[in-house]
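Residue numbers (our numbering): 145 to 283.
Beta carbons are placed, not taken as given, at the ideal position from N, Cα and C, and that holds for glycine.
Note that the structure is predicted; figures quoted are calculated from it, not measured.
Here the structure is laid out as structure tokens; the discussion comes afterwards.
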Amino acid sequence: MYNKFDVCVSDFSKESEPGDYWYDCAILEATEILKEFNNNDWELLLTQLKLKPIFWQKRLVECLGDLHNSYELEVLLNIINTNNEDLFISCVDTLRLLNLSNLDNSKKEQLLSKIDILFQNASSPVKRVLEEFIKKLVE
């Protein structure tokens, strides 16, 4: 399954804006593939993450948030340690959908610190996403 997902996402990870087909069709196909992942697929994905380009990681993040498994949070916490602002915001946006009750305080502090830096120059829509995430994080 991992290879099938990789091929699906790789076709749309060559540029920042993948086009309408990704958002209309391919994202649904990629998400369905993720739903079929077993533990080995998830472990392979986690080991391959650092080798993947930013836009591949962004497409992956866009597929997460509604799979209802423990790997979603683990993947996002691995990806969110990026210097790429767009990828970080995408991770935050997806994290808003997950249960974060098991997130330790040091990780929360790290995220809040990075959000604080980004918040200063963020656009209105991004500020809204960050504000909603902050509320969820401090609950």
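Coil, strand or helix - residue i by DSSP
i	result
K196	coil
Q264	coil
T175	helix
I278	helix
L189	helix
R203	helix
CA nearest to the CA of residue i, picked from the options
i	options	result
A174	R240, L208, N222 and N213	L208
K194	L211, E180 and N222	N222
L274	S245, T238 and Y167	T238
C169	C235, S257 and D155	D155
Supposed close pair residue i, residue j - CB separation, criterion 8 Å
i	j	result
S157	W200	4 Å
L188	Y146	5 Å
V153	R203	5 Å
Environment of residue i [buried if 16+ CB atoms lie within 10 Å]
i	result
T191	exposed
R272	exposed
I233	buried
I259	buried
E206	buried
L241	exposed
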